[in-house]
Amino acid sequence: MTLTRRALLGGAAATAALGLTGCAGLTPGRRGGGSLDYWNLFGGGDGVRMTQMLDTFRAANRGVDLDAVTLAWGNPYYTKLSLATLGEKPPDVAVAHLTRMKTMVQAGLVEELLPEDLARHGLTADKFAPRPWQAGLVDGRTYAIPLDTHPFVMFYNTDICGKAGLLDPSGALAPLDTPEKFTDALRKAKDITKAYGGVVAVTNETATPWRIYQSLYSQLGGEMLADQGRKVVIDDDRAGRVLTFLQSLTRSGLAPPSIDYQGAIATFANGQAGFYFQGEWEISTFQTAKLPFSMTLFPNVFGGGRYAVQADSHTLLIPRQPDRDPERIDRALLFIRSMLDQSRTWAEGGHVPAWLPFRDSADYKAMTPQSNYATAADAAVYDPEGWYSGSGSNFEIVTGSIIASVMAGQQSPASAIAQIRDKLTNLATTAPPV
Amino acid sequence: MTAETAVRTGRSAREDIPPERGRGAGLPAAGFLTPFLLLYVLFIIGPALYGLLMSFFDTSAVKPGLSSFAGLGNYAEALQSADFWSSLWHTIWFTILTTPPLIIVAFGLALLADRVKHGRWFFRLAFFAPYILPSAVVALIWIWLYTPGLGLLETGLGKLGITAPAWLGDPDWAMPSLALTTLWWTLGFNFVLYLAGLQEINRDLYEAASMDGASPWQQIRSITIPMLGRTTTLVAVLQVIASLKVFDQMYLMTSGGPNFATRSILQYVYDEGFTNFRIGYASAVSMLFFLVVLGVSAVWFALIRRQEKEV
């Protein structure tokens, strides 16, 4: 909304200015030397914390005129970012998910961050958690700076789990590292709540079913795509095991088969379920609700010795500039460094910081429940590479909707796998538009 | 809508304006029309032609220019795509589900509102009010009503001992649920058209009929319905076109799910064009859909022509 109005007014102002004065070279949204346009996709608690961080930046850099625009997450965001960059009116800095950033790099829409520029701001590889840093490289080059890792995690109600005898004397949850232990814990929680053991969003959801599936499937070592998305390599046996397991949870009544995102939150917040599975960002929701809860790693149900969990990272990147301007790039890096320096504020929202000076600090270790699942960042499994893949992409929509239909009990695992293979093959064999 | 305006102005120019004044109006009329025509060419005709052009290329949203020439490749791909046909069917299924109730219920309510002696304004407002709501608000209200486990509909039906379906979660129920939402939302427009039509019917006809001993039901069947023929044609065609253009409800309430059961053709265009960046292919699908709408509009023109000859 903000963009539309802004773009419209900016466009109108530019047209008027051109018409009246013939003033050439007027670019809307860029006012003088010290301006910095920043686009992000943070709503809710993240939005509040991001605003705090921006205010801190403003206070410390009075010479920089920061203009931040918040847009809705998902496809519309990436479409707008791509089109603005193509139209040579890009913001100076933009947030992008690590898994979506790569497609933009392939399309040539992102400025490469040169080592010498980064070094000037102290942004060197050794300061970042290795997993998000490595995963973000394209052909060994840096295009985006990871701010965090946001893994899929498990929330649990400490009251319910205590009554169900699932907590050890220190108050920690015993590991649920086999399908039996996992199911058993949900059953015990259900005996207490009289409603459900656990809850995960299914109805009108694509990303959440994909996240829980991908976490379990990667624990089995499964891969969905290969060869930059040109080949579909879904493994019938492993996918079948995961889908059968997920369906068994809803079929046995341990989890509701038909519940949407908000409904899942409400079910957990009302104490009608002992466990809730979602990305760590919902931490603020339950803190606000004053729920007795904690968070931990999503259980290693199938992995045995190997742990894996679905995750993504928020990165900050500089969209391609019509003519590369060292000063603008420098200003953008100053801003990025400021965001990293405020990792503490950002971590309150649940995200695992990528900035090691904070992540390795005692300050972060003392932050609970946030630091309980910090190791998830090292076991993060990002969405497979491919032009149609990534956070909120068609890949997630296709796989997520079909997985949801299995969890809702509308389709058998075998027919779901066939449908996933069919739809993904369609995408894989389409000539990439990038 | 535009065609309708054109027909109306065409007719009024023929019938209402005296010829001597009509002739002299050439230049001022052109002057008045220029701003509209300019915008029309700039924002409707221009983009449509550019869309047609793009449909023959592998145009990408993340690359400048038209990219490589694809010939009829995009059209061939669409016609062979199961996703294209299923989403086209979803749009048609939605049209089938919404059009008859939106005509019949609107007619019924208009008939009732027309008979009310006191406080007619209240009923007019009550039935019309939802129509002025933005689609996002309507979606929010109905998502809450349909919410599984907690929603008003499920709770209400549960009290009556009826097990509610998973409104938006069941592939078989999702489309009827969206149709119900749409009925509540857009009923007001047809209602107002019918109310206007009813008020144009000469009251003497009813008086004469009742003196001849016609029952109220006979009056409705033999006077009201035939006299509202033109209104019904208008309502039906506007409704079919509006239903074919459905996008908001699905996009906001089900994201085309569950498992693509409610993805409309326009959402398919959106998914391909904006999510997958395949603007060329999405343009080709839009053009194919344009042909469908064009076909429906042609039927409308044929119907109008016939009615005008009858009158």
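Listed in order, the protein sequences are those of chains A and B.
Residues in the first sequence are numbered from 13 upward in steps of one, following my numbering.
Residues in the second sequence are numbered from 412 upward in steps of one, following my numbering.
The C-beta atom is built at its ideal place from N, Cα and C for all residues, glycine as well.
Exercise. If we ignore side chains and look at the alpha-carbon of each, how far apart do A428 of chain A and T111 of chain A end up?
Worked result: Here residue 428 of chain A refers to the residue found at position 416 when the first sequence is read from its first residue. Here residue 111 of chain A refers to the residue found at position 99 when the first sequence is read from its first residue. Whole-angstrom Cα-Cα distance: 25 Å.
For this session: Measure the C-alpha to C-alpha separation of I514 of chain B and A590 of chain B and round it to an integer number of angstroms.
Result: Locating residue 514 of chain B in the second sequence gives position 103, where the first residue counts as 1. Locating residue 590 of chain B in the second sequence gives position 179, where the first residue counts as 1. If I take the Cα positions, the gap works out to 13 Å.
Problem set entry | Coarse secondary structure for H501 of chain B, derived from DSSP in three states | By 1-based counting over the second sequence, the position of residue 501 of chain B is 90. Note: H501 of chain B maps to helix in three-state DSSP.
For this session: Closer than 8 Å by C-beta to A349 of chain A: which residues in its own chain qualify, once you throw out the five before and the five after it? Chain order, please.
Result: On the first sequence, position 337 is the one that residue 349 of chain A refers to. Checking the displayed sequence, the identity of residue 349 of chain A turns out to be Arg instead of Ala. Result list for R349 of chain A: H133, G134 and L135, in chain order.
For this session: Tell me the start and end of each unbroken beta strand (DSSP E) in the stretch 214-257 of chain A that is at least 3 residues and wholly inside, in chain order.
Result: none
Exercise. To which residues does DSSP link D324 of chain A through a beta bridge?
Worked result: Locating residue 324 of chain A in the first sequence gives position 312, counting from the first residue. D324 of chain A is bridged to A:H162.
For this session: State yes or no: is the C-beta of A489 of chain B within less than 9 Å of the C-beta of L606 of chain B?
Result: Counting from 1 along the second sequence, the entry for residue 489 of chain B is found at position 78. Counting from 1 along the second sequence, the entry for residue 606 of chain B is found at position 195. Cβ atoms of A489 of chain B and L606 of chain B: not closer than 9 Å.
For this session: Following the continuous beta strand (DSSP E) through G6 of chain A, name the residue where it begins and the one where it ends.
Result: Residue 6 of chain A falls outside the range modelled here, since chain A spans only 13 to 446, and no answer is possible.
For this session: Counting only the same chain and skipping the five closest in sequence on each side, list residues whose C-beta sits under 8 Å from that of N438 of chain A.
Result: Start at 1 with the first residue of the first sequence, and residue 438 of chain A comes out as number 426. Counting only Cβ-Cβ distances below 8 Å, and skipping sequence neighbours, we find nothing.
Exercise. To which residues of the same chain is N670 of chain B closer than 7 Å at the C-beta, ignoring the five residues directly before and after it?
Worked result: For the purposes of this step, residue 670 of chain B is taken as the residue at position 259 of the second sequence. Cβ within range, chain order: P582.
Exercise. Between which two residues does the beta strand (DSSP E) harbouring Y451 of chain B extend?
Worked result: Against the second sequence, residue 451 of chain B aligns to sequence position 40. Run containing Y451 of chain B: none in the beta strand (DSSP E); it sits in the alpha helix (DSSP H), G437 to Y451.
For this session: Return no unless some Cβ of chain B is closer than 9 Å to the Cβ of P445 of chain A.
Result: Looking up residue 445 of chain A in the first sequence gives position 433. Output row for P445 of chain A: interface = yes.
Exercise. Relative to the alpha-carbon of I432 of chain A, which residue among A:T357, A:G120 and A:V245 has its alpha-carbon at the smallest distance?
Worked result: One-based indexing of the first sequence puts residue 432 of chain A at position 420. Among A:T357, A:G120 and A:V245, the Cα nearest to that of I432 of chain A belongs to A:V245.
Exercise. Can you find at least 3 beta carbon pairs, one from the stretch 671-687 of chain B and one from the stretch 436-451 of chain B, that sit closer than 8 Å?
Worked result: no
Exercise. Ends of the alpha helix (DSSP H) at A472 of chain B?
Worked result: By one-based count along the second sequence, residue 472 of chain B stands at place 61. Looking at the DSSP string, A472 of chain B is not in any alpha helix (DSSP H), and its letter there is neither H nor E.
Problem set entry | Contacts of E414 of chain A in chain B (Cβ-Cβ under 8 Å) | Residue 414 of chain A sits at position 402 when you count from the first residue of the first sequence. It should be pointed out that residue 414 of chain A corresponds to Ile in this sequence rather than to Glu. Here the neighbours are N670.
Exercise. Is the CB of D272 of chain A under 9 Å away from at least one CB in chain B?
Worked result: On the first sequence, residue 272 of chain A is found 260 positions in, with the first residue counted as 1. Closer than 9 Å: yes.
Exercise. When the cut-off is 9 Å and only beta carbons count, does G580 of chain B lie next to chain A?
Worked result: The residue labelled residue 580 of chain B in the question sits at position 169 within the second sequence. Yes, G580 of chain B lies at the interface with chain A (some Cβ there is under 9 Å from its Cβ).
Exercise. Which partner residues does I157 of chain A have in the DSSP bridge list?
Worked result: As a first step, residue 157 of chain A must be located in the first sequence, where it is residue number 145. For I157 of chain A, which the question treats as bridged, DSSP gives the partners A:L328.
Problem set entry | Residues sharing a beta bridge with N169 of chain A, DSSP | Here residue 169 of chain A is taken as the residue at index 157 of the first sequence, counted from 1. Per DSSP, A:F305.
Exercise. Is K720 of chain B close to chain A, meaning its C-beta is less than 9 Å from at least one C-beta of that chain?
Worked result: Along the second sequence, one-based indexing puts residue 720 of chain B at 309. No - not a single Cβ of chain A is within 9 Å of the one on K720 of chain B.
Exercise. Cβ of D659 of chain B less than 9 Å from any chain A Cβ?
Worked result: Along the second sequence, one-based indexing puts residue 659 of chain B at 248. Answer no: the Cβ-Cβ gap between D659 of chain B and chain A never drops below 9 Å.
For this session: With distances taken Cα to Cα, identify the nearest neighbour of V212 of chain A among A:F287, A:S325 and A:P181.
Result: Within the first sequence, numbered from 1, the residue matching residue 212 of chain A stands at position 200. Of the candidates A:F287, A:S325 and A:P181, the one whose C-alpha sits nearest the C-alpha of V212 of chain A is A:F287.
Problem set entry | Where T558 of chain B meets chain A, residues with beta-carbon distance less than 8 Å | The count along the second sequence starts at 1 and reaches residue 558 of chain B at position 147. What T558 of chain B touches in chain A: D272, Q274 and G275.
Problem set entry | chain A contacts from the stretch 539-563 of chain B (Cβ-Cβ distance under 7 Å) | T558, P559, G560 and L561
Exercise. Should V117 of chain A be labelled buried (16 or more other beta-carbon atoms within 10 Å of its own) or exposed?
Worked result: For the purposes of this step, residue 117 of chain A is taken as the residue at position 105 of the first sequence. Label assigned to V117 of chain A: buried.
For this session: Check whether the stretch 202-217 of chain A touches the stretch 262-269 of chain A, taking contact to mean three or more Cβ pairs, one atom from each stretch, closer than 8 Å.
Result: yes
Exercise. In chain order, what residues of the same chain lie with their CB nearer than 6 Å to the CB of F688 of chain B, ignoring the 5 residues before and after it?
Worked result: Looking up residue 688 of chain B in the second sequence gives position 277. Once the five neighbours on either side are set aside, the close Cβ partners of F688 of chain B are S471, A472 and V473.
Exercise. What is the DSSP secondary structure of A709 of chain B, counted as helix, strand or coil?
Worked result: Taking the first residue of the second sequence as 1, we reach residue 709 of chain B at position 298. Helix, per DSSP.
For this session: Provide the residue(s) that pair with P365 of chain A in DSSP beta bridges, ordered along the chain.
Result: The count along the first sequence starts at 1 and reaches residue 365 of chain A at position 353. According to DSSP, which records beta bridges pairwise, P365 of chain A is partnered with A:D160.
Exercise. Taking a cut of 8 Å between CB atoms, which residues from the stretch 86-112 of chain A lie near chain B?
Worked result: N87, P88, T91, S94, L95 and L98
For this session: Would you give the residue range spanned by the alpha helix (DSSP H) that T593 of chain B belongs to?
Result: The residue you call residue 593 of chain B lines up with position 182 of the second sequence. Start and end: P582 to E611.
Exercise. Would a check of beta-carbon distances place T442 of chain A closer than 9 Å to chain B?
Worked result: In the first sequence, residue 442 of chain A corresponds to position 430, counting from 1. Cβ-Cβ to chain B under 9 Å: yes for T442 of chain A.
Exercise. Along the chain, where does the alpha helix (DSSP H) that runs through W51 of chain A open and close?
Worked result: Looking up residue 51 of chain A in the first sequence gives position 39. Note, W51 of chain A: premise wrong, no alpha helix (DSSP H); beta strand (DSSP E) at S47 to N52.
For this session: Can you have a look at I507 of chain B and say buried or exposed, based on whether 16 or more other CB atoms are within 10 angstroms of its CB?
Result: As a working mapping, residue 507 of chain B is identified with position 96 in the second sequence. I507 of chain B comes out exposed.
Problem set entry | Neighbour flag for T665 of chain B against chain A, beta carbons, 9 Å | Position 254 of the second sequence holds residue 665 of chain B. So yes, T665 of chain B belongs to the interface.
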